[in-house]
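Below is one structure, written out as structure tokens; comments come after it.
2 protein chains.
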Amino acid sequence: MQQTRQTTIVDIANQLGVSPSTVSRALHDHPSISAKTKRNVVRLAEKYSYQPNLLALSLLNKRSGVIGILVPEITSYFFATVISGVQDMVSSAGYKLLICQSGESFEEEEKLLQDMALSRVDGVLISPTFRTNSFQHFERLKKTGIPLVIFDRDCPGFEADKVLVDSYDGAYQAVEYLIKTGCKRIAHIAGPIAIPTFKQRLDGYLNAHYDNNIPIRSELIVYSNGFSSDDGVEAATQLLDRHEKIDAIFAVNDAVSIGTTHVLRENGYRVPDDISLVGFDDESYAQYYFPSLSTVWQPVYELGMLSAKILLDRFANRGQLQSYRYEVLKPELVIRESSRIIAESTSSYALPNRPGTPLVHQA
Amino acid sequence: MQQTRQTTIVDIANQLGVSPSTVSRALHDHPSISAKTKRNVVRLAEKYSYQPNLLALSLLNKRSGVIGILVPEITSYFFATVISGVQDMVSSAGYKLLICQSGESFEEEEKLLQDMALSRVDGVLISPTFRTNSFQHFERLKKTGIPLVIFDRDCPGFEADKVLVDSYDGAYQAVEYLIKTGCKRIAHIAGPIAIPTFKQRLDGYLNAHYDNNIPIRSELIVYSNGFSSDDGVEAATQLLDRHEKIDAIFAVNDAVSIGTTHVLRENGYRVPDDISLVGFDDESYAQYYFPSLSTVWQPVYELGMLSAKILLDRFANRGQLQSYRYEVLKPELVIRESSRIIAESTSSYALPNRPGTPLVHQA
DNA sequence: CTGTTAGCGCTTTCAG
DNA sequence: CTGAAAGCGCTAACAG
Numbered sequence: 012m013q014q015t016r017q018t019t020i021v022d023i024a025n026q027l028g029v030s031p032s033t034v035s036r037a038l039h040d041h042p043s044i045s046a047k048t049k050r051n052v053v054r055l056a057e058k059y060s061y062q063p064n065l066l067a068l069s070l071l072n073k074r075s076g077v078i079g080i081l082v083p084e085i086t087s088y089f090f091a092t093v094i095s096g097v098q099d100m101v102s103s104a105g106y107k108l109l110i111c112q113s114g115e116s117f118e119e120e121e122k123l124l125q126d127m128a129l130s131r132v133d134g135v136l137i138s139p140t141f142r143t144n145s146f147q148h149f150e151r152l153k154k155t156g157i158p159l160v161i162f163d164r165d166c167p168g169f170e171a172d173k174v175l176v177d178s179y180d181g182a183y184q185a186v187e188y189l190i191k192t193g194c195k196r197i198a199h200i201a202g203p204i205a206i207p208t209f210k211q212r213l214d215g216y217l218n219a220h221y222d223n224n225i226p227i228r229s230e231l232i233v234y235s236n237g238f239s240s241d242d243g244v245e246a247a248t249q250l251l252d253r254h255e256k257i258d259a260i261f262a263v264n265d266a267v268s269i270g271t272t273h274v275l276r277e278n279g280y281r282v283p284d285d286i287s288l289v290g291f292d293d294e295s296y297a298q299y300y301f302p303s304l305s306t307v308w309q310p311v312y313e314l315g316m317l318s319a320k321i322l323l324d325r326f327a328n329r330g331q332l333q334s335y336r337y338e339v340l341k342p343e344l345v346i347r348e349s350s351r352i353i354a355e356s357t358s359s360y361a362l363p364n365r366p367g368t369p370l371v372h373q374a
Numbered sequence: 012m013q014q015t016r017q018t019t020i021v022d023i024a025n026q027l028g029v030s031p032s033t034v035s036r037a038l039h040d041h042p043s044i045s046a047k048t049k050r051n052v053v054r055l056a057e058k059y060s061y062q063p064n065l066l067a068l069s070l071l072n073k074r075s076g077v078i079g080i081l082v083p084e085i086t087s088y089f090f091a092t093v094i095s096g097v098q099d100m101v102s103s104a105g106y107k108l109l110i111c112q113s114g115e116s117f118e119e120e121e122k123l124l125q126d127m128a129l130s131r132v133d134g135v136l137i138s139p140t141f142r143t144n145s146f147q148h149f150e151r152l153k154k155t156g157i158p159l160v161i162f163d164r165d166c167p168g169f170e171a172d173k174v175l176v177d178s179y180d181g182a183y184q185a186v187e188y189l190i191k192t193g194c195k196r197i198a199h200i201a202g203p204i205a206i207p208t209f210k211q212r213l214d215g216y217l218n219a220h221y222d223n224n225i226p227i228r229s230e231l232i233v234y235s236n237g238f239s240s241d242d243g244v245e246a247a248t249q250l251l252d253r254h255e256k257i258d259a260i261f262a263v264n265d266a267v268s269i270g271t272t273h274v275l276r277e278n279g280y281r282v283p284d285d286i287s288l289v290g291f292d293d294e295s296y297a298q299y300y301f302p303s304l305s306t307v308w309q310p311v312y313e314l315g316m317l318s319a320k321i322l323l324d325r326f327a328n329r330g331q332l333q334s335y336r337y338e339v340l341k342p343e344l345v346i347r348e349s350s351r352i353i354a355e356s357t358s359s360y361a362l363p364n365r366p367g368t369p370l371v372h373q374a
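Heads up: the sequence lines are chains A and B, in that order.
Numbered by the numbering used here, the letters in the first sequence go through residues 12 to 374 in order.
Numbered by the numbering used here, the letters in the second sequence go through residues 12 to 374 in order.
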């Protein structure tokens, strides 16, 4: 624990009676360096377990080798997995990852982004808070020359590289499946529609009805304040209080789903016998839940990898003007026990075996 | 996206015809600086949206303002929550957090730790992989003067600040509770006992039996290869294959528990009617599971806060020799529906209402 | 009140 | 093959 001061290149130089530049060269296999001095330098370096100071290097090279990622929170399966994907991609390119949570607070998002800029991260990946409706802080970042990639949650009107999941499509698949299995009165527990992703899920729900000529009943849609299990409990309770007849529920995500099943069970409804239920996310517990949860799987890990890849590409083509990339990944419906299954269409829906979290997934 | 080169203090100085130091002083409210020049400087700084280069500062001050945290993985509720606690603590002290995952790989752990040392993090929080049995890389870090705190997973024989949870006690509580509720043949699905934490849970299981004069049957203990739900499925299957009579299972954690309930259900056992089940961790889904999971809650967020706090204290008393701190936090048994409840002892066990994840918890 | 100087640790011309 | 010098961006004595 004693702060013995790290040995520097100068220390070694002095001890050997050579110049710092010689030491530097020796340490980097520079061609024009005598084998002898090189040996001496390397020996000393090892003896003192010399460690190059990356801070000095960063200052010199004007790049820190750090990529920042800003997410609303890391405790959900979704973001934690995205981060894993990003981590794997950037570290294979020699970058470190600075992970920050905004906690869905806009002010925090601004502050953290500012912090990152100050510490001179080389690039940033951002999934904005659902309160983020002004993008000046993003623009500011762009202006300082730090490339950024928006992922998962879109920022309408803000131009940047973006990697999203087609939530609309996932929701559409889910609801159309419910319709095909004979459900007529399908409720939707929507998340805060300030989040574009959740708005899209609602739209998917609506259009699946429309395309299948099923009337939409606004009394079957309940808007939740958040998207945790507790929010699910609240929303589901609210839904049941309306005393509407329902035979299916499409919930905005799995967390809300399990809150919902809880309420349904307490009120004597059986899933899926009385009510079919489909969630979204395919959380790690979804397959082991009882009944196991039908849900929409998203290529989360891949989302992280791709976002990071796009950022790295920007580094490679630094300066060159390039149009922004806009990537949309496709989710997949996973049918399990929480929804009734109709025989004839099973084959087209059932996915072979998708255990928990596939680390690598083919697109 | 155009790299316009960030404006520096020198740019401002030149433009104003003053020296860089004057600019620096103006920007820092130095007492001896004329109101006029200060105004000029500030105006220009704003005009060019000047941003101090933290890398230069770090190099100068020999502190980066970054704290590193190294965990086996971030996708579990446990570590994600620890990180949240750490994040909140360190950011309130003005530090940034560099989060790294070892993926339970020893080599990766070594490499990442090395990386952190190179980027001159000011301190490190570590929860080692379960393969970590040599601590030379930790020693090396200590020698370079970077303080480190070990949390959650102990490193027997390695001296450092440590913050742990009393897993032994948690397990003991759980098993004693099962015994008190009348269970006679309590099985244990143990995790890899290379992890001290899991070894402790096993010990708690054993000693609770011993203290209550219940014979221990080795055929009721199954050692799982990992601690995911899939591992739980495998271990539970193995357990049932032994055709031993059992009336309760204490599983090493909640993830394994839900894999276990899955297998039990498939084999026609009802929980808790036929078999009582208790897990460990109190994951966010535990209370909404069916049946809701009896489990052992750990002060996870607090664990993160405290670990970070201890590290910050080291900074404050830098250099001063101090004995290492060894903190052990107490877990609490949470009784829900997956275990039979006996009337008379309920009161001493039942906890009022403990929804999901308490953000702040009194010790 | 302000400028000059030196230096954090390192690399990289440019001269030897 | 090696050294001297300059500089990345900034601050903190030390002089004026």
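Every residue, glycine too, gets a C-beta built ideally from N, C-alpha and C.
Query                                                                                                                                                       : Result
Look at the alpha carbon of Q309/A and the alpha carbon of D284/A, and state the distance between them as a whole number of angstroms.                      : 27 Å
Determine whether the Cβ of V371/A lies closer than 8 Å to any Cβ atom of chain B.                                                                          : Only weak support is given to the placement of V371/A: the predicted model assigns it a pLDDT of 31, under 50, and the question is left unresolved by the model.
What's the call for K445/B, buried or exposed, on a 16-neighbour Cβ count within 10 Å?                                                                      : In the structure as shown, chain B begins at 12 and stops at 374. Residue 445/B is therefore absent and cannot be evaluated.
Going along chain B, which residues have a C-beta under 7 Å from I200/A?                                                                                    : In chain order: nothing, as chain B lies at least about 14 Å away.
Under the assumption that I85/B contacts I94/A (Cβ atoms under 8 Å), give the Cβ distance between them as a whole number of angstroms.                      : 6 Å
Counting only C-beta atoms, is G270/A closer than 8 Å to chain B at any point?                                                                              : yes
Between the region 239-254 of chain B and chain A, which residues of the former have CB atoms less than 9 Å from a CB of the latter, in chain order?        : S239, S240, D241, G243, V244
Here's the rule I'm using: 16 or more other beta-carbon atoms within 10 Å means buried, otherwise exposed. How should E118/A be labelled?                   : exposed
Below 8 Å on the Cβ atoms is my contact criterion, and I expect I260/A with T271/A to pass it. Report the Cβ-Cβ distance as a whole number of Å.            : 6 Å
Answer yes or no: does any C-beta atom of chain B fall closer than 8 Å to that of H273/A?                                                                   : yes
Just tell me which of L314/A, L344/A, I286/A has its CA closest to the CA of S350/A.                                                                        : I286/A
Just to confirm the assignment: which complete beta strand (DSSP E) runs, minimum length 3, are found wholly within the region 176-223 of chain A?          : 197-201
Is there a Cβ from chain B that is less than 8 Å from the Cβ of P310/A?                                                                                     : no
What does the Cβ neighbour count give for S45/A, buried or exposed, with the cut at 16 atoms within 10 Å?                                                   : exposed
So which of K47/A, Y188/A, G76/A has the shortest CA-CA distance to V345/A?                                                                                 : Y188/A
So which residues on chain A does Y106/B lean against when the C-beta distance must stay under 9 Å?                                                         : Under the 9 Å cutoff, chain A gives no residues; its nearest Cβ is about 10 Å from Y106/B.
Using Cβ-Cβ distances below 8 Å, what residues of the region 162-177 of chain A are close to chain B?                                                       : none
Where do the ends of the beta strand (DSSP E) carrying I269/A lie?                                                                                          : Here I269/A belongs to no beta strand (DSSP E); instead the alpha helix (DSSP H) covers 265-277.
How long is the line joining the alpha carbons of P366/B and Q298/B, rounded to whole angstroms?                                                            : For P366/B, the predicted structure reports a pLDDT of 38, less than 50, and the residue's modelled location is therefore unreliable. A value from the coordinates is still provided. Cα-Cα distance, rounded: 8 Å.
Taking all protein chains shown into account, decide if P158/A is buried (16 or more other Cβ within 10 angstroms of its Cβ) or exposed.                    : buried
In the DSSP assignment, the alpha helix (DSSP H) including A67/B goes from what residue to what residue?                                                    : 65-72
Report the partner residues of F162/A according to the DSSP bridge assignment.                                                                              : V174/A
Quick check on the DSSP output: the alpha helix (DSSP H) that includes E343/B runs from which residue to which?                                             : Taken as a continuous stretch (DSSP letters only), E343/B belongs to no alpha helix (DSSP H), being part of the beta strand (DSSP E) at 343-345.
Give me the chain A residues within the contact set of Q147/B, using Cβ-Cβ distance strictly less than 8 Å, ordered along the chain.                        : Ordered by position in chain A, no residue passes the 8 Å Cβ test against Q147/B, which lies about 12 Å from the chain.
Name the chain B residues whose beta carbon is nearer than 7 Å to that of T140/A?                                                                           : Those within 7 Å of T140/A in chain B number zero; the least Cβ separation is about 16 Å.
I believe S138/A touches V176/A by the beta-carbon criterion, under 8 Å. Please report the beta-carbon distance rounded to the nearest angstrom.            : That belief does not hold up - the Cβ atoms of S138/A and V176/A are roughly 11 Å apart, past 8 Å.
Got a sec, what are the start and stop residues for the beta strand (DSSP E) K107/A sits in?                                                                : 107-112
With V52/B as the anchor, note down where its alpha helix (DSSP H) starts and where it stops.                                                               : 46-58
Specify, as a first and last residue, the run of the alpha helix (DSSP H) that G315/A falls within.                                                         : 311-327
Can you tell me whether K154/A is buried or exposed, with buried defined as 16 or more other CB within 10 angstroms of its CB?                              : exposed
In whole angstroms, what separates the C-alpha of R74/A from that of V132/A?                                                                                : 7 Å
What are the boundary residues of the beta strand (DSSP E) that I260/A is part of?                                                                          : 259-262
Do K49/A and A67/A have their C-beta atoms within less than 8 Å of each other?                                                                              : no
Counting only Cβ pairs nearer than 8 Å, list the residues of chain B close to N64/A.                                                                        : L70, L129, R131
Using 8 Å as the threshold, is the C-beta distance between V174/A and L314/A below it?                                                                      : yes
Ignoring anything shorter than 4 residues, give me the alpha helix (DSSP H) runs that lie fully in the region 220-253 of chain A, in order along the chain. : 240-252
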